[in-house]
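Report on the following structure.
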Amino acid sequence: MYYKMKLITKLNLAIIGVVFFQSCANIQPLYKESADVKEKINNIYIMPIDGRYGVKLKNELEEAFGGRQTNEGITRYTLKASVGLGSRSVQVYNVDGTANRFKSTVTIEYTLYDNEGCVILSKENKTDASYNSKSGGYDYGNIASEIAAVNRNIEYNVKHFYPQVFNAIKTGSKKIPFVAPYLAIADFDGCGLYTD
0 MYYKMKLITK LNLAIIGVVF FQSCANIQPL YKESADVKEK INNIYIMPID GRYGVKLKNE
60 LEEAFGGRQT NEGITRYTLK ASVGLGSRSV QVYNVDGTAN RFKSTVTIEY TLYDNEGCVI
120 LSKENKTDAS YNSKSGGYDY GNIASEIAAV NRNIEYNVKH FYPQVFNAIK TGSKKIPFVA
180 PYLAIADFDG CGLYTD
């Protein structure tokens, strides 16, 4: 009797194991690198970026996405970005009332266009860059701390923007045909809605 119970338990575990592994047979990684999407990401054209931190943002984007010139026949995407440094406020005060830690708001806007000029992804990221400050007229140290904090913030933003671009390119879009009722819309360009 004991051996039959043991055998039934083993058979039940084997059946559960087979069912479990069979149900996981078609699972694929979420961000599986496909050669087609990888080639498209490597051929994103990054437009020049204005501003004090524009060069840093462009360099980070080119490092992440490639920014190479396109080859014949490859779909090209265009990325337009801007970076802005917003308000600066005090986070921490010393005992004597002088400011010890500041924070600046960094706003980065991204817009990704496909080869037909349709917007496939538009995002705005606002983050805070915190940095320490010295009182008593040491402005060079304060400026260097602020620049380092904003640079770290830009690197962080680009790393978190990459999966969104990957998904936008991988999923593609559905173009809206030039038929009624869409023809009655002013400035209708046929661009479909992309999923974020």
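By numbering that gives the first Met the number 0, the letter at position 115 of the sequence shown is numbered 114, and the numbering carries on one by one without gaps.
Yeah, the Cβ is synthetic: ideal placement off N, Cα and C, and Gly gets one too.
Since we're looking at a predicted model, the values are computed, not measured.
Whole-angstrom C-beta distance between residue j and residue i, which should lie under 8 Å
i: A148; j: A128; result: 4 Å
i: V82; j: L56; result: 5 Å
i: Y44; j: R87; result: Going by Cβ atoms, the distance from Y44 to R87 rounds to 33 Å, so no, they are not a contact pair.
i: N131; j: N99; result: 7 Å
Boundaries of the beta strand (DSSP E) in which residue i is found, first to last residue
i: K221; result: There is simply no residue 221 to check, as the chain begins at 0 and stops at 195 in what is shown.
i: I45; result: 43-45
Any non-hydrogen atom of the ligand COA within 8 Å of residue i CB
i: V18; result: Inclusion of the ligand COA in the displayed structure is not the case, the ligand content being empty and no account of it being possible.
9 Å Cβ cutoff met for residue i and residue j
i: L111; j: V164; result: yes
i: L84; j: Y109; result: no
i: K125; j: T104; result: yes
i: I153; j: I119; result: no
i: D20; j: Y161; result: Per the sequence shown, the amino acid found at residue 20 is Phe instead of Asp. Cβ distance not < 9 Å, so F20 and Y161 don't count as in contact.
i: V157; j: E62; result: yes
i: I48; j: A80; result: yes
i: N150; j: F101; result: no
Opposing strand residues paired with residue i [DSSP bridges]
i: F198; result: The structure shown does not extend to residue 198, since the chain spans only 0 to 195, so no value can be given for it.
i: L84; result: V105
i: Y52; result: Y52 pairs with nothing; no bridge assigned.
i: K9; result: K9 is not bridged to any residue.
i: L78; result: I45, L111
Start and end residues, alpha helix (DSSP H) containing residue i
i: N114; result: That residue, N114, is in no alpha helix (DSSP H); it is neither H nor E in DSSP.
i: M0; result: Unbroken run through M0: none, as it is neither H nor E.
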